[in-house]
Structures are given as structure tokens and as C-alpha cells.
Amino acid sequence: MGIGGGSDMYRQQILDHYKNPRNHGTLDDATFSHSGENPSCGDTIRVDVRLEDDGETIDYVAFSGDGCAISQASASMLSERLRGMTLDELAAMDTDDVTEMLGVDISPMRIKCAVLARQVAQDGAKLHEGEIDDLDVTITED
Amino acid sequence: MGIGGGSDMYRQQILDHYKNPRNHGTLDDATFSHSGENPSCGDTIRVDVRLEDDGETIDYVAFSGDGCAISQASASMLSERLRGMTLDELAAMDTDDVTEMLGVDISPMRIKCAVLARQVAQDGAKLHEGEIDDLDVTITED
Amino acid sequence: MEAPEQEPYPLDVEAVRGDFPILQRKVGGDVTIPGEDEADTEPLVYLDNAATSHTPEPVVDAIADYYRSYNSNVHRGIHHLSQEASIAYENAHDRVAEFVGAAGREEVVFTKNTTEAENLVAYAWGLNELGPGDNVVLTEMEHHASLVTWQQIGKRTGAEVRFVRVDEDGRLDMDHARELIDDDTAMASVVHVSNTLGTVNPVGELADIVHDHGGLIFVDGAQSVPHMPVDVGEMDADFFAFSGHKMCGPTGIGVLYGKEHVLEEMEPYLYGGEMIRKVTFEDSQWEDLPWKFEAGTPVIAQGIALHAAIDYLEELGMETVHAHEGVLAEYAYDRLTEYDDVDIYGPPGDDRAGLVAFNVDGVHAHDLSSILNDHAVAVRAGDHCTQPLHDKLGVAASARASFYVYNTREEIDTLVEAVDDARQLFA
Amino acid sequence: MEAPEQEPYPLDVEAVRGDFPILQRKVGGDVTIPGEDEADTEPLVYLDNAATSHTPEPVVDAIADYYRSYNSNVHRGIHHLSQEASIAYENAHDRVAEFVGAAGREEVVFTKNTTEAENLVAYAWGLNELGPGDNVVLTEMEHHASLVTWQQIGKRTGAEVRFVRVDEDGRLDMDHARELIDDDTAMASVVHVSNTLGTVNPVGELADIVHDHGGLIFVDGAQSVPHMPVDVGEMDADFFAFSGHKMCGPTGIGVLYGKEHVLEEMEPYLYGGEMIRKVTFEDSQWEDLPWKFEAGTPVIAQGIALHAAIDYLEELGMETVHAHEGVLAEYAYDRLTEYDDVDIYGPPGDDRAGLVAFNVDGVHAHDLSSILNDHAVAVRAGDHCTQPLHDKLGVAASARASFYVYNTREEIDTLVEAVDDARQLFA
Ligand SMILES: Cc1ncc(COP(=O)(O)O)c(C=O)c1O
Ligand SMILES: Cc1ncc(COP(=O)(O)O)c(C=O)c1O
């Protein structure tokens, strides 16, 4: 059984999102913002989310940060993917959804890079909804 | 190359000296006395030495103690061997002299038992002659 | 003497012996520098398993296979070999967790041996948590690994160290335990199976007493995990430790189990690479469990080999392993008690672990061991790292025969004949 | 590009490669659970030797031979196997002593790795000797093994920790060292060869400065001992440490060298069996050196394997090993400097150890490493356990290619092609 990863990890789509990140920046009118890091690669991501008036549907997402292609491309793709989703749908996203979104297998040692942006968005939403408190910065763990 | 030891270690002579120790006891008129131990077997030996009037020649040796057959037999044989020797000759005794005296090969792990009595006698003489001071108890080392 | 009709062994001893090439050795002549010619005489009878067990082929193969095909440093590597080695090394933690009933890898720290596991807790927890007014409860049958460690940490911190009495039969005096353990008991460290007496201690009961008083309990499983099914959750141990080399595994690896929330709250022990998350010139932050306690390049090959050793033992079945040793221990106990001048320490034959420590009247244990070695019988002679217990027993040393999955009644017969030979030599 | 006429290698690389079966591996496809089938693609190019080196057959054989023919616990055993194992284990100390110029086995302590050696001194010496007013001098290029350890021991004891500056060329600013080291300097810990910059530090000169002020010096030789002749007496180090797994040896063993009189005066570190002479319930006395510092069942198989690794390296000759790596380092440096957008850290190609850490403009080191891995090239990407140094260099991570006795110019060509591929992919 293969665990995935390897040669395909930098397919055109990833490189494209890395070189031309979508929705890059910060939102002055964000409903909530949150930051996180992946110490293993030194990746950092900040996600700004603006909700629609129903307080549930995601209207717009911007991200900023620094790091490897996997983490930054993943954030860029996620920022597109999240538009129109509800917070519940965001909360339900798992690692498989992220790799499916990326369209490539991610090797085990790089998975933290891939899921950073999703994790930051999820933690941001939880903080916003008061499900958790006093989380300063999201740190990816295995 | 064999390192010795094994089957022969308990030849008749050793067992005889262990079961019937010669010169066992303490001397009220000893010129010097010294004690030592071999922590690895829990052996203890005390040696009492009486010198002749020249202050150099060993007149009589008694020993007492507790422990394994090798250590006690070695002390018993040594107590016989030392009579008439000079302190210089005692100081010159090395491990080979001890194993030769015992008449058997001693396995590496038991050599400390074999040389304990010699070491105690040598340290006792050195203390007596002022070559070393403040040695409370001799402890055999590798 | 006529042996009673013998029941079959719980396991297929001959098949097991085939997995251990070292059992084909002949010894008894001169000791040789390993690798040189030697004058061998008789087939080895290895009864020193409580000191270290032998290593079956699948474990040796796992080690060789690691070095020959996926040797690499772990954790930090993106390249192929490093990923393989990382996965195998992390899986080894999972396998150990499963084997002793831990919740997961975060509760399993790989150390160098049981001794280091005990010191890890003494340093990382003890130095920070203990002080005057506290006490640490040990037993009189503790191995030096816990006895010396807590004794010295007690001296440094001002905590008092107390010893639960061992009774005439070699069992813990539980009334005394209940007296000693009080609200100031911060830690108890108790050996699960005594490596000298063969006593199996009621560690679950002790854990309850300690916990009722708000303390923690460290169980030294060096002599239990290799020999019987163990569940750290069931006994409710806060810490639990054992060594690879006593359970068909390699030297150089031990395991510290700790309850997650206890480990979580502890300061790190060794500092360095792998155990940090972030470092500046001024300060550092720590990695997650269990890596927080595994500084530097870890015992990679040893962890992978321990995994293989556990697979080997579980293939035999820990209940079966235990039953086999029980048969041997009882047989050895019975045969040695035939001699009036043989003193055996610890509880009776049907209620002890698979080891027998004894002395022959008038024969020093080291002489006895030398003579047994002349018969190619390997036993341990000395204080077995329980000097204070030997003092209490009134002897400087004892001889100890300890059994494992590959031992047989015939080997015990050889032992008994050799003991008889020594008796006669020294008569 | 046209390579300049190439001189022959200082050693017979093809013969050496034959001793390392792992170099026959093909990688680059899916990562597999070790032992399962895999879709291999290209022959492995292993350039991660500074993280861990591979293990030649004679070393693997020494390990297997130990387990198959004389596995036993050491020191305390009178029986045949225990004597053989004891002699081999003690001889391993002598061999190490000879290899690095120590006086004898009493100056050679076996630990788990370099990291534990550093912690041993920090705990056993540092906790007892350091206090407010004292300072510990490190360098900005220290590995976390010493940096985090002394940083944390500094916090516990109140001692100040100072860092000698690294200059533009990746060398220590010796004027700054002379400023920082003063009469309150109790300890300096200095890396002999930087695992990131490849700098070879003037440790002898630093030892003189520290000694003039009455302090002690710990030299971290993890990256020097595997690669060049080392003499601890000549450099006058008080402590010196290195790891087996970086020098053709096994995981799970490191060495702490200490001057005899310094070790003699130190308190023990780990407590337990083997390191004691006498134990009562109340107190304990310690064994002689080096056993005083080796508590519990030691790293027996690993010590014996380290002996075999040293034999292997000395057969090649440490001067020759060093020369071979010098050729490769210079070649790699030259080839990589062909690219304007490749940044190399540390001193020039003819004055560095056999490793090159670098970054490609616009390509994160982890992406670079993943892409190199697609070409079956194994390099390390990250901070190489020198996070503060990377902060100073202004990068989060770097890629590092590091060479050993079995590497070739062709492998470096493959590396450079793969780097070029990454450049183009990200252009
Ligand atoms: C310079 C240096 N010091 C210390 C270490 C730590 O060695 P280990 O991980 O074997 O403890 C390393 C290797 O990672 C190193 O390169
Ligand atoms: C009960 C007990 N505890 C601890 C130890 C120490 O184990 P190690 O020497 O592997 O650290 C042993 C074995 O010697 C033991 O029998």
C-alpha cells in the first residue's frame, strides 16, 4: 500500500495558486480573523472571513501569510472553496477534503502544510462562535 | 586466545585452603593491620602483619574475613607465602604472582576476589611505611 | 530421582528454541575474545533471563533489515527513507501502546532502559514537585533503578523516603503499606514483579491506596511485561516502565508509559533536537507528546526491533508465555527444595514469577555460579541490584535461575545436578 | 556544462559503496510501509549524512553476531556469555578512547546520543556548579542539543548564557569570543563543525581562552568525529561528545568524553544498577569511572557495533575520509554557485566540512526537498536544529546536502540537475 506523496505534488494547479494566490490580502470588514502556524515548515497563515447577514454563510475569504507552496496554495484554493459554504460545512471539512481539493496526494511529512489553512479557518470560526476561547494562534499538530 | 578461568578454578588446593584456612585470626602484636573489601562479591579481608626486628622482613601474617572461596583461599595461601619475605618483595607482587600462587587460572570476573588479600597486605605496608596515608579500607578495582 | 509424570509444555519449546541460534552454543571451556576459536565443551543452559533475554531471529532480522534498507533519521525528513523510518518508528510507539493497554503513542516514551525511565520521572517530575514534608514510598524489594534514584532525589529535595516491609514469605506487608502511605505521599514507586523474590505485587491495590491519598504511582514492570499480560489502565498506574532487552528485544531501549495528562503537565527532561517546537536565543517551546521527552536522534532501530519483539511474544501469546514459565518455576522450586541445605527466597513455587534465587549452605553464591558455569549453566550470582534486600535476608549474594520461553525441565535438571556437584565439592 | 578534468577520488568509492546495501535502493515512487511492495523508480542518491549515515555490512554483522552468539548482560555476570559480552563491551570503550585520543576507558562514557551527553554534563555538572553571576558561553551556530540544554540550565540556575557572534562568512567572531569569555565563564559549549554552515571552528584556540579564565569547555563533535581525525587531548577539551549513528554506527549510542579528574569530581547523573558500589536503604556509593555514569543495562550491542564502525572508518583512514569529503564539498559548492539564484551559507568551498546548506530564490526549502525527493535525491530541509541561526540568516529553513565516504560527483550532478528542475518549475 502506498501512502501517497511524491512526484505529483507540484501539479500545475498547486504551482499556479502558489505563484498567483487568489484572494490574497486582509479584509477591513472581516467578521472574524485568525492566524496559525506550522512550525515544521515555518509556514504562517492568516485567514479573514466575512459572513453574510445570516451569520452562517461565508461571503468572502482573504488570506495572507508566508511559507511553502503546499501551505500557500492550499490557503489560496480554500479561500475560493469556502465562498458560499456555511460554518457547519466548514467545521465538517477533514483532511481528505483538503487533499481532494488540492487534487494531489500529499506525502505524510507535508500534510501539516496542506491542512494549515483549513485548521486556521475552523479554529477562527469556533472562536467566533464561542465554542472555544483563549486560543491565540493555531499550531498544526500530527 | 583463551583468557583462562573455568573448570579448574576449584582444584583441591583452593578448596583445602578455603575449608581449612591457615593462619586464620588476628594478632595482638601485629606491626600493622589493614582491611579491604571486594564489593562485587561482598568479600572482606583483614590482614595482620608482624615484622621482624629489622622492620623489613615479614615474621608472621594472620588474616580474617568472609567471602567466596577464591578470596579466602587466596588470603590463606598468601599468609603462608609472605613469611620471610621483605616488604619490598611484597610490594613487587603482581597479579601473575597471585595466580601462580593459586596454581589455577582465574576467570576475569573473579580476579578481584583473587587479588584482594595481596592488595590489602600491600596497602597495609604502604600505610605503615608512610607512602600513602588516609586510606581507610582498600577496595579492589579493575 | 524419578520425575513425576510430566504434563506437556504450554508452548512448543522445540520450535521456539529453533528461533534462537544462540541456544546452540557450547560453552564451559576457556572464555574467549568473541570471534576467536574456543575450546567449547557443553551445550549452553541459559538461565539468566531476568538479567537479559535472548533475541529471536525475527528481531535480529528486523534490525538488519532496518540498516540495510530504510535506515534514516526520523521526524524532520521529507525524503523517502526518512518517511519510511519515521512511519516505522512511530508505529513502534503505537504497537507498544497497544501491547500494554496505553491510550496511544502520546503515552509511550522510548528511553534507553527502565533505569532511564525511572530517572526521567525523578528528574522531570521529582525535582520540580518534591520538597520537605513530602514523602516517597518504595518497597524493601525495589531494584536499585528505583531505590537509588528516589533515595538520591529525596536527598536533593528534602522529601522523605519510606520502605514498605517485606514479610517472611517475601510478600509486601500491605498493612505496613497502608500505614506508610499518607496524605503527604507524593509518589510511590513499586516493583511489579521482584527480580529477586519472584513475588508478584498487588500493584492495583497499591495504586488505589496511593490515589486515595492524592499521590502518583510508578510501577516498575521490568520483570512483568516480558512474562505476563499487562494492562497499565487496569492497574491504574500513573507511570510504568520496562526494558526491551528483557523481552526478546534489543539492548538500548526502554519504555516509559505515563498517563497523558500527567506527562502533559510535566517539564521536559532531556533538551535538544526533536523535542522542541520553537527555539530562539532566549527561550524554547516544546513539542507534543511523546516527542517532548525524546530529545536528539532517538533509538530508531531499537524501537523498530522492539516492535518485532512484541510481535514475536504476542504470536506465542502472553498467557502461554506466562503458563510456560509457571511450569518451569514450580518444577525448579520443587527440585531445589529436595535439598535441605538449599535456601530459596520468596513465595512458594505455585505463586511466583519464573525465577528462583537461592543459596547453598557453605557455598558462596559466586563460587556456586562459577561451578555452575563449569557445567555450562548460566545463572546470575550477586545481589541482583537489590543490595538492601539481601542485607535484610542476611546474605551478601544469592544465585538466581530465571526462565523464559525457550527453557525446559531438562535444563533445570542440569542446573540441579550442577548444584548438587557444588554441594559435594564444598561438603 | 563541461566539468573540469577530474582528479581521482582519495578512496575507492565503488568498493566502499559495495559495503552499503542500502545504496542499491530505488526510491521516488509512493512511500511504502517498510517491507511492503513499492513502486520504485530511481536509484537513491543519499545526501543526508549529517542527519544520519548509513551502516556498512561489517557493522550490521557485528550486531547480528552479538545477538546470535554472545548476547548477555554485562559486568555482574560470572557465566561464560556474560564474560564474553563484558569483555567486548569494555573493549569498545578502549577502542573509542584510542580513536579520539582519550587516556583510557575511564574517560569514555557511553550515552544514548550526543544530546544525552550534553544533558549529562548540564545536569550532573551544571545544576550543581552554576549559579547567578556565572556565565555559559555558546555560539550562534550551536545545535539545539547544546543551545536549548544550556539555555534551560541557565534559567534554572540563574547563570547567564552568552552567544559568540557568527560573522558574514559563517565564521566565529573570535574578537567577540575574547570579549564574552571572562573570569565568570564557568563553561563554554562550542560546536566543532557546524552542521549548517560547514564551518570548522578553532576549538583549540577557544579552549585556551576559556582555560585562561578558569572555565571548562565542552566541544560538540557530532559533525567532526565522523569526518576527520580528532584528538581530544590536542584540542584540550574538558568534554567532547559525538553520536554513533552519524559515523557508520548504530542508533542509540553516543559518547561523552571527559577528562578523568573532571569526571571524577562530578556527581553521578542517572541512578540505578551498574553505577553503584554499595547501596543501603539510607545511602549509596558510586562505582569507578566510567561506570559511575552508565546506569542500568547499558547499550551493549550498540557499543560493540560502534567498535566495528570505528574499525571500518580507520581501515579507510580518517585522513582519507576527510579528503574524499573535501573533494565532494568543493565540487558541490562550485556547481551550486553556478546559479545566481542559489544562496549558500557558510565559508567558501575549499574551507568547509562536507556539507552545503543552501536556498533557491523563490522556492521554499521544503518544496525544494520534496522535488529533489521526486528525483530520488535525499537532502534535509528545515532548520537543522539551528533555528536561531536560521533566524539570523533571515530564512525559515534551508536545504542541506551532506556527504560521506560513499558519495560521488555524479550524485552531486544529479542533485544539481534536480535543483535546476525546481528552479524552472517555480520560475
Ligand atoms: C552539531 C550537532 N550536534 C549535536 C547533534 C545531535 O546529535 P544526536 O541527535 O545524535 O543527539 C547533531 C546532529 O543532529 C549535530 O549535527
Ligand atoms: C525489577 C527491575 N527493575 C529495573 C531493572 C533495570 O532494568 P535496566 O537495567 O534495563 O534499566 C531490572 C533489571 O535489571 C529489574 O529486574
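Chains as they are written, first to last, in the working numbering: chain W, 21 to 162; chain D, 21 to 162; chain L, 92 to 518; chain Y, 92 to 518.
We put the CB at the ideal spot given by N, CA and C, even for glycine.
Establish whether the CB of ALA134 of chain W and some CB of chain Y are separated by less than 7 Å.
By 1-based counting over the first sequence, the position of residue 134 of chain W is 114. No, because no Cβ of chain Y sits closer than 7 Å to the Cβ of ALA134 of chain W.
If we cut at 7 Å on Cβ distances, does PRO381 of chain Y have a partner in chain L?
The residue labelled residue 381 of chain Y in the question sits at position 290 within the fourth sequence. No, no contact with chain L.
Through-space distance from GLY192 of chain L to LEU480 of chain L, alpha-carbon basis
Translated into positions along the third sequence, residue 480 of chain L becomes position 389. Translated into positions along the third sequence, residue 192 of chain L becomes position 101. Roughly 31 Å separates the two Cα atoms.
Jot down the residue ranges of each uninterrupted beta strand (DSSP E) in the region 137 to 188 of chain Y, minimum 3 residues, whole runs only, in chain order.
As far as the region 137 to 188 of chain Y is concerned, it has no whole beta strand (DSSP E) run of at least 3 residues.
Residue of Y:LEU354, Y:PRO149, Y:HIS398 minimising C-alpha distance to VAL107 of chain Y
Looking up residue 107 of chain Y in the fourth sequence gives position 16. Taking the Cα of VAL107 of chain Y as reference, the smallest distance to any Cα among Y:LEU354, Y:PRO149, Y:HIS398 is reached at Y:PRO149.
Quick one: does VAL122 of chain Y have its CB under 7 Å from some CB of chain D?
Within the fourth sequence, the letter at position 31 stands for residue 122 of chain Y. Its pLDDT being 48, under 50, VAL122 of chain Y is placed unreliably by the model, and the measurement read from it follows with that caveat. No, VAL122 of chain Y lies away from the interface with chain D (no Cβ there is under 7 Å from its Cβ).
When you compare only the Cα positions, how much space is there between ARG247 of chain Y and MET129 of chain W?
Here residue 247 of chain Y corresponds to residue number 156 of the fourth sequence, with the count starting at 1. Here residue 129 of chain W corresponds to residue number 109 of the first sequence, with the count starting at 1. Approximately 35 Å between the Cα atoms of the pair.
Quick one, which of Y:GLY440, Y:PHE254, Y:ASP311 has its alpha-carbon nearest LYS483 of chain Y's?
What you label residue 483 of chain Y is simply residue 392 of the fourth sequence in a count that begins at 1. When each option's Cα is compared against that of LYS483 of chain Y, the closest is Y:PHE254.
In whole angstroms, what is the alpha-carbon distance linking GLU259 of chain Y and ASP110 of chain Y?
Working through the fourth sequence from its first residue, we reach residue 259 of chain Y at position 168. Working through the fourth sequence from its first residue, we reach residue 110 of chain Y at position 19. Spanning the two alpha carbons is a distance of roughly 40 Å.
Which of helix, strand or coil does DSSP assign to GLU251 of chain L?
As a working mapping, residue 251 of chain L is identified with position 160 in the third sequence. Reduced to three states, the DSSP call for GLU251 of chain L is strand.
Ignore the nearest five residues each way along the sequence and tell me which others in TYR214 of chain Y's own chain have a CB closer than 8 Å to its CB.
What you label residue 214 of chain Y is simply residue 123 of the fourth sequence in a count that begins at 1. Closer than 8 Å at Cβ, skipping near neighbours: ILE244, TYR360.
Report the residues of the region 119 to 144 of chain W with a CB closer than 9 Å to any CB of chain Y, ordered along the chain.
ASP125, SER127, PRO128, MET129, ARG130, CYS133
Need the endpoints of the beta strand (DSSP E) that SER84 of chain W sits in, please.
As a position in the first sequence, residue 84 of chain W is number 64, starting the count at 1. Note, SER84 of chain W: beta strand (DSSP E), 78 to 86.
Taking a Cβ distance cut-off of 7 Å, strictly less, list which residues of the region 47 to 79 of chain D are near chain Y, in chain order.
PRO59
Straight-line gap, GLN242 of chain L to VAL157 of chain W (C-alpha atoms, nearest Å)
If you number the third sequence from 1, residue 242 of chain L lands on position 151. If you number the first sequence from 1, residue 157 of chain W lands on position 137. Their Cα atoms are separated by approximately 43 Å.
Under 6 Å Cβ to Cβ from ARG500 of chain Y, same chain only, skipping five residues before and after it: list those, please.
What you label residue 500 of chain Y is simply residue 409 of the fourth sequence in a count that begins at 1. Taken in chain order, the residues that qualify are TYR422.
Do the region 137 to 147 of chain D and the region 98 to 118 of chain D touch if we need at least three Cβ pairs shorter than 8 Å?
Short answer: they touch.
Taking Cβ-Cβ distances shorter than 7 Å, what residues in chain D pair up with ARG186 of chain Y?
Counted from its first residue, the fourth sequence places residue 186 of chain Y at position 95. Within 7 Å Cβ-Cβ: nothing; ARG186 of chain Y doesn't reach chain D, min ~17 Å.
Leaving out five residues on either side along the sequence, give the residues of the same chain with a beta carbon under 6 Å from the beta carbon of PHE52 of chain D.
In the second sequence, counting from the first residue as 1, residue 52 of chain D sits at position 32. So the list reads VAL69, GLY144, HIS148, once near-sequence residues are dropped.
Does any C-beta atom of chain W lie closer than 7 Å to the C-beta of ARG196 of chain L?
Counting from one through the third sequence, the residue named residue 196 of chain L turns up at place 105. By this cut-off, ARG196 of chain L is not an interface position.
For a test of the three-state rule: what should DSSP assign to VAL496 of chain Y, helix, strand or coil?
Taking the fourth sequence and counting its residues from 1, the one referred to as residue 496 of chain Y is at position 405. The answer is coil: DSSP assigns VAL496 of chain Y none of H, G, I, E or B.
Residue range of the unbroken alpha helix (DSSP H) whose run includes ASP434 of chain L:
The sequence position of residue 434 of chain L within the third sequence is 343, counting from 1. Not the alpha helix (DSSP H): ASP434 of chain L falls in the beta strand (DSSP E), residues 433 to 435.
Candidates Y:VAL454, Y:MET319, Y:PHE330, Y:VAL284: closest to ALA298 of chain Y by CA position:
Stepping through the fourth sequence from its first residue, residue 298 of chain Y is reached at position 207. When only C-alpha atoms are compared, the closest one is Y:PHE330.
Within 7 Å, strictly: CB atoms of VAL200 of chain L and PHE384 of chain L:
In the third sequence, residue 200 of chain L corresponds to position 109, counting from 1. In the third sequence, residue 384 of chain L corresponds to position 293, counting from 1. When the beta-carbon positions are compared, VAL200 of chain L and PHE384 of chain L come within less than 7 Å of each other.
Would ASP458 of chain L count as contacting chain D if we go by Cβ distances under 7 Å?
For the purposes of this step, residue 458 of chain L is identified with residue 367 of the third sequence, where counting begins at 1. Interface residue, yes.
Partner residues on chain Y for ASN450 of chain L, Cβ-Cβ distance less than 7 Å
In the third sequence, residue 450 of chain L corresponds to position 359, counting from 1. Correct list: empty, because the minimum Cβ distance to chain Y is about 15 Å.
Could you check whether the region 452 to 462 of chain L touches the region 161 to 175 of chain Y, counting it as contact only if at least three pairs of C-beta atoms, one from each stretch, sit closer than 8 Å?
yes
Determine whether the beta carbon atoms of SER375 of chain L and VAL454 of chain Y lie at a separation below 7 Å.
Locating residue 375 of chain L in the third sequence gives position 284, where the first residue counts as 1. Locating residue 454 of chain Y in the fourth sequence gives position 363, where the first residue counts as 1. Cβ distance not < 7 Å, so SER375 of chain L and VAL454 of chain Y don't count as in contact.
Cross-chain neighbours of TYR348 of chain L in chain Y, by beta carbon under 7 Å
For the purposes of this step, residue 348 of chain L is identified with residue 257 of the third sequence, where counting begins at 1. Simply none; closest approach about 17 Å.
DSSP three-state assignment for ASP68 of chain D, whether helix, strand or coil
Within the second sequence, residue 68 of chain D is the residue found at index 48, counting from 1. Correct three-state label for ASP68 of chain D: strand.
Extent of the continuous alpha helix (DSSP H) run through THR428 of chain L
By 1-based counting over the third sequence, the position of residue 428 of chain L is 337. THR428 of chain L -> no alpha helix (DSSP H), and no H or E assigned at all.
With a threshold of 6 Å (Cβ to nearest heavy atom), would ASP139 of chain L be considered close to ligand 2?
Position 48 of the third sequence, counted from the start, is the residue given in the question as residue 139 of chain L. Flag unset: Cβ of ASP139 of chain L not near ligand 2.
On the three-state DSSP scale, how would you describe MET278 of chain L?
Numbered from 1 along the third sequence, position 187 holds the residue referred to as residue 278 of chain L. It is a strand residue.
Is HIS234 of chain L near ligand 2, going by C-beta to nearest heavy atom under 6 Å?
Position 143 of the third sequence holds residue 234 of chain L. Yes; taking the cut-off as 6 Å, the Cβ of HIS234 of chain L has a heavy atom of ligand 2 nearer than that.
Using C-beta distances below 8 Å, list every residue in its chain close to GLU57 of chain W, excluding the 5 sequence neighbours before and after it, in chain order.
To locate residue 57 of chain W, count along the first sequence from 1; it is residue 37. Result list for GLU57 of chain W: ASP63, THR64, ILE65, LEU136, VAL157, THR158, ILE159, THR160, in chain order.
Should ASP474 of chain Y be listed as close to ligand 1, given that the test is whether its C-beta is under 6 Å from any heavy atom?
The count along the fourth sequence starts at 1 and reaches residue 474 of chain Y at position 383. The answer is no for ASP474 of chain Y.
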